[in-house]
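Quick note on numbering: UniProt numbering labels position 172 of the sequence shown as 172, and the sequence is numbered without any gaps. Working notes, beginning with the structure itself.
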Amino acid sequence: MKAILILCAWLSIALAWHYELHPVKVSEGVVCFFGKNEVPTPSNGGAISNSCYIDVGDYWVVFDPGPTALFAKEAYAKVAGDKPVKIVLNSHGHDDHTLGNAFFTKSTIIGAEGIEAFMEPRLLKWLNKEQLQGSFLKIPDLLLSKKAKIASKKRIELYVVEAHTKADLIAYMPEQKILFAGDIIFTERLPSIRDGNLQKWIAVLEWIKKLHPRIIVPGHGKKYGAKAYAMTLGYLKDLKAKVAKALEDGIEYDEVTKVVDMSRYKNLALYKMLNNLNILEVYQQLEMEIE
Numbered sequence: 001m002k003a004i005l006i007l008c009a010w011l012s013i014a015l016a017w018h019y020e021l022h023p024v025k026v027s028e029g030v031v032c033f034f035g036k037n038e039v040p041t042p043s044n045g046g047a048i049s050n051s052c053y054i055d056v057g058d059y060w061v062v063f064d065p066g067p068t069a070l071f072a073k074e075a076y077a078k079v080a081g082d083k084p085v086k087i088v089l090n091s092h093g094h095d096d097h098t099l100g101n102a103f104f105t106k107s108t109i110i111g112a113e114g115i116e117a118f119m120e121p122r123l124l125k126w127l128n129k130e131q132l133q134g135s136f137l138k139i140p141d142l143l144l145s146k147k148a149k150i151a152s153k154k155r156i157e158l159y160v161v162e163a164h165t166k167a168d169l170i171a172y173m174p175e176q177k178i179l180f181a182g183d184i185i186f187t188e189r190l191p192s193i194r195d196g197n198l199q200k201w202i203a204v205l206e207w208i209k210k211l212h213p214r215i216i217v218p219g220h221g222k223k224y225g226a227k228a229y230a231m232t233l234g235y236l237k238d239l240k241a242k243v244a245k246a247l248e249d250g251i252e253y254d255e256v257t258k259v260v261d262m263s264r265y266k267n268l269a270l271y272k273m274l275n276n277l278n279i280l281e282v283y284q285q286l287e288m289e290i291e
C-alpha cells in the first residue's frame with residue numbers, strides 16, 4: 001500500500017500541469033514567448049498572447065506577464081537568471097495578458113489609467129485549478145495618463161493611447177527601435193474590436209507606421225518585424241470602408257453581415273468567430289458618428 005501511495009504521489013508530480021514555453025530572442029536583450037492563435041482553453045492554459053522580457057542592465061522589464069501566475073513563474077525561470085524583474089508593463093487589461101501580474105508581487109506593475117475597466121478575470125472561470133495556482137486579479141500599482149519613460153540603462157518610452165481598448169499602453173525603445181504594441185497589432189489572426197475604437201485604433205497604427213520601428217512585437221501572433229502593423233491596419237481600414245458603404249446604402253444592422261465581404265481575410269485564425277462580430281461593432285460605431 002505504501003508503495004502504491006508513493007507511486008501515486010510521484011505520478012501527480014510528473015503529470016502536473018506546465019506550459020511548453022519556448023523563449024525567442026527577438027533582439028539583443030529582448031526575449032519573447034509567443035502564444036497560440038487560439039481562444040483560451042484548459043488545453044492551452046490561456047497562453048494565447050505574447051509576453052516579452054527586456055534586459056535593461058541590472059534588472060528585467062516585462063511587457064505583459066501572461067495569462068496566469070504559473071505562466072509568469074515558468075517564463076521567469078526560463079529567462080531571468082539572477083536578475084530581478086523590477087517593472088511589469090500591462091499593455092491593456094485583458095486577462096490573457098495580465099493575470100500573470102499575480103506572480104510579480106515585488107515588482108512595480110504599470111498600466112494606463114482606466115485599465116481596471118477591462119480586467120475582468122474570465123480565465124479564473126475557464127481554466128482548471130492546477131493551472132490557476134497562485135493566480136488572482138492584481139491591479140497595476142501605477143496608472144499612467146500621459147507619456148512617461150523608464151529611467152534605466154536602456155531607455156523605454158511609454159505611450160498611453162486609445163485603440164484596442166480605452167486604456168492601452170505602448171512601450172518603445174528608441175535607440176533599438178523596438179516597439180511592443182500589445183493588442184493594437186495582431187498577426188496571423190483576426191483582431192477583436194469589441195472594446196476598441198476603430199477610428200482611434202487606425203490613427204494609432206498610422207502613427208506607429210510613421211515611427212518606422214525596426215522591430216514591432218504584436219500582442220497576438222508569432223510574426224514580428226518592421227511591417228508587423230500591416231495586416232491589422234489593412235483589415236481595419238477595409239472594414240471601415242465597407243461598413244461605411246453599407247451604411248451609405250441604407251443597409252440595416254441585422255443585414256450588414258450579409259453585405260460586407262471580408263473574405264480576403266478568411267485564412268486568418270479566428271476569422272469565423274470574430275469577423276461578423278467585428279462588422280456589427282464597427283457598424284454601431286460608425287452609425288453613432290453619423291447621428
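Note that the Cβ used here is the ideal one computed from N, Cα and C, for glycine as well.
Return the CA-CA distance between residue i and residue j, expressed in angstroms with no decimal places.
{"i": "D141", "j": "A163", "result": "22 Å"}
{"i": "E116", "j": "I139", "result": "7 Å"}
{"i": "H94", "j": "F180", "result": "16 Å"}
{"i": "K153", "j": "W60", "result": "11 Å"}
{"i": "N197", "j": "H92", "result": "14 Å"}
{"i": "E130", "j": "S43", "result": "12 Å"}
{"i": "A269", "j": "E157", "result": "31 Å"}
{"i": "E113", "j": "A171", "result": "15 Å"}
{"i": "W201", "j": "Q285", "result": "12 Å"}
{"i": "Y271", "j": "A244", "result": "20 Å"}
{"i": "W207", "j": "V259", "result": "31 Å"}
{"i": "Y19", "j": "K227", "result": "29 Å"}
{"i": "L137", "j": "N101", "result": "8 Å"}
Output needed for residue i: all residues of its chain with C-beta closer than 6 Å, excluding positions within five of it in sequence on either side, in chain order.
{"i": "K177", "result": "P213 and R214"}
{"i": "I103", "result": "The sequence as given places Phe at residue 103; Ile does not occur at that position. Answer for F103: A69, A72 and K73, listed in chain order."}
{"i": "L233", "result": "L205"}
{"i": "K78", "result": "L21 and P23"}
{"i": "residue 344", "result": "Residue 344 lies beyond the residue range present for the chain, which begins at 1 and ends at 291; the question has no answer from this structure."}
{"i": "K242", "result": "V260"}
{"i": "K36", "result": "N44 and I48"}
May I ask which residues mark the beginning and end of the beta strand (DSSP E) holding residue i?
{"i": "E157", "result": "I156 to V161"}
{"i": "I185", "result": "I178 to F186"}
{"i": "L137", "result": "Neither: L137 is in no beta strand (DSSP E) and is coded neither H nor E."}
{"i": "Y172", "result": "D168 to M173"}
{"i": "Y53", "result": "S51 to D55"}
Among the options, which one has its Cα closest to the Cα of residue i?
{"i": "E120", "options": "P191, H97, A47 and V39", "result": "H97"}
{"i": "G46", "options": "I54, F34 and Y53", "result": "F34"}
{"i": "P40", "options": "S263, A246, A16 and T68", "result": "T68"}
{"i": "V26", "options": "C52, A16 and W17", "result": "C52"}
{"i": "N276", "options": "K237, S192, A167 and N37", "result": "S192"}
{"i": "I110", "options": "L144, G100 and K83", "result": "L144"}
{"i": "R264", "options": "Q199, L190, H220 and G219", "result": "L190"}
{"i": "T165", "options": "E38, Q199 and V217", "result": "Q199"}
{"i": "P84", "options": "Y235, V62 and L99", "result": "V62"}
{"i": "G66", "options": "G221, D82, L123 and S49", "result": "S49"}
Only counting the same chain, and skipping five residues up and downstream in sequence, which positions put a Cβ closer than 8 Å to that of residue i?
{"i": "T108", "result": "K86, I87, V88, D141 and L142"}
{"i": "G57", "result": "S152, K153 and K154"}
{"i": "M1", "result": "Annotation note: pLDDT 44 at M1 (below 50); position unreliable, coordinate value reported separately. For M1, where only same-chain residues beyond five positions count, there are no Cβ hits under 8 Å."}
Got a sec, what are the start and stop residues for the alpha helix (DSSP H) residue i sits in?
{"i": "K209", "result": "L198 to L211"}
{"i": "A241", "result": "A230 to E248"}
Just checking my contact of residue i with residue j at CB under 8 Å: how many whole Å lie between their CB atoms?
{"i": "E75", "j": "L21", "result": "Note that residue 75 is Ala in the sequence shown here, rather than Glu. With a Cβ gap of about 6 Å, A75 and L21 count as contacting."}
{"i": "D238", "j": "M273", "result": "Not really, about 18 Å apart at Cβ, beyond 8 Å."}
Using C-beta distances below 7 Å, list every residue in its chain close to residue i, excluding the 5 sequence neighbours before and after it, in chain order.
{"i": "G134", "result": "A69, L70, A102 and F103"}
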